[in-house]
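Protein chains in written order, with my numbering: chain A, 107 to 445; chain B, 107 to 445; chain C, 107 to 445; chain D, 107 to 445.
To start, the structure under review is shown below, and the notes come after it.
4 protein chains.
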Amino acid sequence: MRSFGSDNHSGIHPDILKAIEEANKNHCIAYGDDPWTQQAQQKIKDIFGENAEVFFVFNGTGANVMSLKACVSSFHSILCPDTAHIAVDECGAPEFITGAALKSIPTPDGKLTPALLKPHMSHFGFEHHSQPKAVYISQCSELGTVYTIDEIKAIADYIHTHNMYLHMDGARIANAAVSLNKSLKEISVDCGVDILSFGGTKNGMMLGEAIVSFKSELSENMKYIRKQSAQLYSKMRFVSAQFIPYLTNDIWKQNALHANHMARYLRSKIEDLHAFTFTQATDANIILVKMPPEIIEKLLQKHFFYIWNENEGEIRLVTSWDTSEDDIKAFVEDLHKLI
Amino acid sequence: MRSFGSDNHSGIHPDILKAIEEANKNHCIAYGDDPWTQQAQQKIKDIFGENAEVFFVFNGTGANVMSLKACVSSFHSILCPDTAHIAVDECGAPEFITGAALKSIPTPDGKLTPALLKPHMSHFGFEHHSQPKAVYISQCSELGTVYTIDEIKAIADYIHTHNMYLHMDGARIANAAVSLNKSLKEISVDCGVDILSFGGTKNGMMLGEAIVSFKSELSENMKYIRKQSAQLYSKMRFVSAQFIPYLTNDIWKQNALHANHMARYLRSKIEDLHAFTFTQATDANIILVKMPPEIIEKLLQKHFFYIWNENEGEIRLVTSWDTSEDDIKAFVEDLHKLI
Amino acid sequence: MRSFGSDNHSGIHPDILKAIEEANKNHCIAYGDDPWTQQAQQKIKDIFGENAEVFFVFNGTGANVMSLKACVSSFHSILCPDTAHIAVDECGAPEFITGAALKSIPTPDGKLTPALLKPHMSHFGFEHHSQPKAVYISQCSELGTVYTIDEIKAIADYIHTHNMYLHMDGARIANAAVSLNKSLKEISVDCGVDILSFGGTKNGMMLGEAIVSFKSELSENMKYIRKQSAQLYSKMRFVSAQFIPYLTNDIWKQNALHANHMARYLRSKIEDLHAFTFTQATDANIILVKMPPEIIEKLLQKHFFYIWNENEGEIRLVTSWDTSEDDIKAFVEDLHKLI
Amino acid sequence: MRSFGSDNHSGIHPDILKAIEEANKNHCIAYGDDPWTQQAQQKIKDIFGENAEVFFVFNGTGANVMSLKACVSSFHSILCPDTAHIAVDECGAPEFITGAALKSIPTPDGKLTPALLKPHMSHFGFEHHSQPKAVYISQCSELGTVYTIDEIKAIADYIHTHNMYLHMDGARIANAAVSLNKSLKEISVDCGVDILSFGGTKNGMMLGEAIVSFKSELSENMKYIRKQSAQLYSKMRFVSAQFIPYLTNDIWKQNALHANHMARYLRSKIEDLHAFTFTQATDANIILVKMPPEIIEKLLQKHFFYIWNENEGEIRLVTSWDTSEDDIKAFVEDLHKLI
């Protein structure tokens, strides 16, 4: 089976699987007190700076809700785009785990701006209202767009004047970094991001995400939050070990470059058909494009992808580290026949 | 490194690692809608009965808190031994996730009985008091003891008359089953267990547990609870695939038989020294034994294990599916020298 | 001091205060097992039908969050107008107490409709998304508008086909009932409302609200929810006793009629000035009207009211059971001078 | 009806009711921005010191859970006697509202000591275990015993070395103060209490408790916690107004003196019968005494009180600010006849 459904439909990069195999020797202490975890943590510090504190967890939702729990109390609110993963795709996990209110803000392109945030930056100090305390952005966004460095800085600067925290969901931060041709650090902590969900699963790992905290007050109790949130992996070496080649050998970069390249290639091939409207920029590895319902229906009989907005006839195509040119050619050929 | 610290210090059984490798082909739909997950779920139904509903999760704490959340509302209480994993080792995750009260009951051997439960089975219908609704037992217990079938039945029968649920934490259910020479079904659902945390991680898997629910009202909303608890694995095939050989090829049984055998062997070797007192029966793969502090201290310089009760001079030794006779000999030799 | 700030700026109706005084005799059992509570509960059943279950609580936020907690689990969502009290004015209490997600829906007039709800009635059965389970409406609304019977029925009928519950926040239900010239029953349970926050505090009581549940599954655990939410009043007779004259002697109706009448009178007096735009209908006792900022500023120096929307220059004027014609004349006179 | 069931079976002291009546004039701003609230807050500061921060709430459970929520995060634990109101009588409200674990410690007399706490003061820094962060004591205790100043100081000093907070449930602090013949301040903040639930309801008020915080970090977010916990009273003047005579005219002291005096009198009268065993000291207004079941049964036909421990044949008798000598004589006479 081949799929444009999501980048988590892909498998494990062979070098990463090999790292798991190699870590499978002997006994080692559980819960992260092992050499693989230490090495992987150091790799991440090497990338983001020595102040970064690193906490490995199982999955993206876990990384997001733990990060947000560190940022807020239950009487706070979290501002996010209305297309945000935390607002739409996590079954209310952020509200449940933090007790806080989520304020979903409509955006044209999945990206927040100071201007969009402004109407919600109010009622500070009034006890009747949830107090704004954290802003969530995803890089790249759910719509496949990528924040520029200046765009992130603008948000961070604005909200920091209100003592608020900026949480970046980096489930696809690798795709964003290579899209901008910047380092992971340049597009996160250097822009004022306070805490990052650093994703691995969608970009060639078997599983594993890292919470990377850049503020000591957010790191302080994270280990307890992780345990209490059931995100502390006993045999942690098998997640940590994956991060080592992922970061050492630039697998993160090569995989993301490939996925983005495939997305651009797929988009250009569809553009060549001169039949369909793209609703968002394809900055990374996600394409949003409108098609007539009868074409979608027939295309779904041979190819796997998700309808993004049924009313709008909008579909989402996601490329992956292991998407091949043949996958794309097969898709576009069938699409061509349907026009 | 070799360790008697815990069975989660061990690695991945080679056949299970192979199953991960073999599942690493092509694309497949995420979140469990894949053939490996379907096959693994069917394997578990084959074992526990067609009524069993199966939900794969990352880890034991996740399985426990989700099971309990399905059983209780926030105004309920959960009764458990005061040595229970949920009471001692999960950083308050059950209280946090369920909002309910935990009532920890002292026991001589880590096992509850109707007589021990009885004083807490009161105040039904009185709104001032958390209403007892679930009982948690672990099989085998945290102290390495194993409930007999009659002992579990007695609890289940007793609490079911009060419309309460019995949750079994089966992080080491394999060790219990082979200890009793009974099937997994005979020591769980057949005894009246309503919901089971079916463990894999401690017995040779890389990671993965299954919630097995035997009551439709407990299964009904589990998928939402799983997602909201951040326990839904996107690339689920890589957990499901591990369960297939684990259950098909009796790896669960062989691993548990070996671990239990090693525990008995280790215990007999220590008994031969005629120097130490064992505080609990060694029904499965856990040994609790008292030693003078100076011996513990020196032993820890060469061997890895945990002090269970510092005041009592009690240590815990856990054997694993990959504990070797050599591991034991080396340990006992060094211990012998210290007497 | 006189105020148009809110109807909770008013005091206690003398007959209700008298009822408190009369209940202050002798001892009686706490927590509601007393004759006043029984009588008050029966009064409410007489009004809403014998199936109604009644739970007295301290305040409106308490009544709302308990009602919603009975309706939803944490993986559900609650749909409400974006001006809803629960969305704006309760500091995130609903999210905190229920763990569920709130979906705030923009409306032109503070009132939901099936058409407004429809885009949010989706993803049923998909575990990635909070499952819609309750709709919250307030009667009258935060903007002073009142739902007609048909409008409520349309919502109830629509959402009941999705097994959802309709919660009515009746903090001002008395004002709505007299506005429509209908009974309390006709505008709530008869329209399909499943659970009601029946307010007293804003309409002449010292304090006290009643949760009135019309569905046994919502009533079933309410007493535990009330205790656990710290809303069970020990000396309950002093709340119950207030409801007796409130309901027996039609104080609820007279007070609401007066407040509504004063609002219409105030509005007509302002309309006579031909200088200001009203942004909403004045169906009950709330007036929303736009004024230039310099007039608002000066008016605030002599009169008490709240700015509703600073950007729009919109102020809110609320009349009460004890607002006098003199209050209104004084206000309008000063306003007249400012034009 | 006369009752020894609880001090909340009593009514409102006439001077306090009069204060409510007098506050019932005109309009005033809601939610505490009124002169009565300011005056009452100042009265409490006058008593406890200018650093005290005061938050009026509806009831004792509300005061307790809000105080504890300010002290702990969800990964913390709260240590308390196993007879504590929060452990037994609040339907799990503390676990629900804080998400934290409650550790209930058996005591001989309802009072904690450093020695009783010590075994639970462990595992600091280990993420597997809920971190001890708050200790709850009630003064007087649920068993009617009263902590001496030295006893409270010993607890406070001990736990402060672990950066933990001491919360005192003062539902009956007035009875404790007059029992010790000390000021309210001397037995709370002067001993190291960090936050106090200062009760009024049980000692002659209609309703109303005050959270009195002595640490700025505990006060900081209390107003949001109060609102989100549905404990912010709109017409707050009617609670605040009660505290004014309560504190100005020493009603708190007279009422407590009377209740304690009645308890001693009742105890002495029962002692005179030379037939029954008292299980606890009667330091304040609560008597615990054992009686044969047949006597209890018959006594309950004519008098109202609660069985405290059915298995032990232990009953609880509580005297109140309005208990009369006649109440006691009637009770003891009937008891005498039953011997």
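Glycine included, C-beta positions come from ideal geometry on N, C-alpha and C.
Below 7 Å CB to CB, which residues in the same chain sit around residue i once its five sequence neighbours on both sides are set aside?
i         : result
Lys-396/A : Phe-382, Thr-383, Thr-385, Glu-418, Gly-419, Glu-420
Gly-305/A : Gly-166, Gly-276, Ala-277, Arg-278, Ile-279, Glu-315
Gln-147/A : Val-160
Pro-351/D : Asp-121, Ile-122, Ala-125, Ile-357
Ser-325/C : Glu-159, Ser-319
Lys-308/A : Asp-113, Asn-114, Ala-277, Arg-278
His-226/C : Leu-185, Lys-209, Ile-211, Pro-238
Got a sec, what are the start and stop residues for the alpha helix (DSSP H) residue i sits in?
i         : result
Leu-441/C : 431-444
Ala-316/D : Here Ala-316/D belongs to no alpha helix (DSSP H); instead the beta strand (DSSP E) covers 315-319.
Lys-209/D : No alpha helix (DSSP H) holds Lys-209/D; the beta strand (DSSP E) holding it covers 207-211.
Tyr-412/C : No alpha helix (DSSP H) contains Tyr-412/C, which is instead part of the beta strand (DSSP E) from 412-415.
Could you pull the start and end residues of the beta strand (DSSP E) that residue i belongs to?
i         : result
Tyr-242/C : 237-244
Glu-420/C : 420-424
Leu-174/D : Leu-174/D -> not in any beta strand (DSSP E); alpha helix (DSSP H) instead, spanning 166-177.
Val-163/D : 159-163
Ser-303/B : 301-305
Ser-294/B : Element bounds for Ser-294/B: n/a, residue is neither H nor E.
Ile-402/D : Here Ile-402/D belongs to no beta strand (DSSP E); instead the alpha helix (DSSP H) covers 399-408.
His-273/C : 271-276
His-119/B : Careful: His-119/B lies outside any beta strand (DSSP E) and carries neither H nor E.
Lys-396/C : 392-396
Ser-183/B : 182-187
On the CB-based measure, 16 or more other CB atoms within 10 Å of its CB, does residue i come out buried or exposed?
i         : result
His-149/D : What sits at residue 149/D in the sequence shown is Lys, not His. By the neighbour-count rule (16 or more Cβ atoms within 10 Å), Lys-149/D is buried.
Thr-267/C : exposed
Ala-347/A : buried
Ser-319/A : buried
Gln-337/D : buried
Asp-428/C : buried
Glu-248/C : buried
Since residue i contacts residue j with CB under 8 Å, what's their CB separation in whole angstroms?
i         : j         : result
Ile-265/B : Leu-223/B : 7 Å
Phe-162/D : Val-345/D : 5 Å
Ile-293/A : Gln-245/A : 6 Å
Asn-269/D : Gly-310/D : With a Cβ gap of about 38 Å, Asn-269/D and Gly-310/D do not count as contacting.
Ser-112/B : Phe-181/B : Contact flag wrong, Cβ pair sits at about 35 Å.
Gly-250/B : Ile-376/B : Incorrect: roughly 14 Å between the Cβ atoms, too far for contact.
Using a Cβ-Cβ cut-off of 6 Å (strictly less than) and excluding sequence neighbours within five positions of residue i, which residues of its own chain qualify?
i         : result
Lys-404/B : Leu-444
Ala-136/D : Ser-340
Leu-353/C : Lys-149
Sorry if obvious, but does the Cβ on residue i come closer than 6 Å to a heavy atom of the ligand SAM?
i         : result
Lys-175/A : Ligands displayed in this structure: none; no statement on the ligand SAM is therefore possible.
Using C-beta distances below 8 Å, list every residue in its chain close to residue i, excluding the 5 sequence neighbours before and after it, in chain order.
i         : result
Lys-359/D : Ala-280, Ala-283, Val-284
Met-328/C : Glu-159, Phe-161, Met-172, Ala-176, Ile-317, Ser-319
Ile-402/C : Ile-413, Gly-419, Ile-421
Ala-365/C : Asp-113, Asn-281, Asn-309, Ala-390, Asn-391, Thr-425, Ser-426, Trp-427, Thr-429
> What residues from the stretch 216-247 of chain C come within 7 Å of chain B, judged by C-beta to C-beta, listed N to C?
Replying inline: Glu-233, His-234, Gln-237
>> Please identify, using Cβ separations under 7 Å, the residues of the stretch 122-143 of chain A that lie next to chain B, in order along the chain.
In response: Leu-123, Glu-127, Asn-130, Lys-131, Asn-132, His-133, Cys-134, Ile-135, Ala-136
> Going along the chain, which residues of the stretch 321-332 of chain D sit with their C-beta nearer than 8 Å to a C-beta in chain A?
Replying inline: Asn-327, Lys-329, Tyr-330, Ile-331, Arg-332
>> Any C-beta of chain D within less than 7 Å: which residues of the stretch 158-178 of chain C qualify?
In response: Phe-164, Asn-165, Thr-167, Gly-168, Val-171
> If contact means a Cβ-Cβ distance below 9 Å, which residues of the stretch 386-414 of chain B contact chain D?
Replying inline: none
>> Tell me which residues of the stretch 334-355 of chain B have at least one Cβ-Cβ distance to chain C shorter than 8 Å, keeping chain order.
In response: Gln-334, Leu-338
> If you measure beta-carbon to beta-carbon, which residues of the stretch 196-208 of chain B are closer than 8 Å to chain D?
Replying inline: Glu-196, Cys-197, Gly-198, Glu-201, Phe-202, Gly-205, Ala-206, Ala-207, Leu-208
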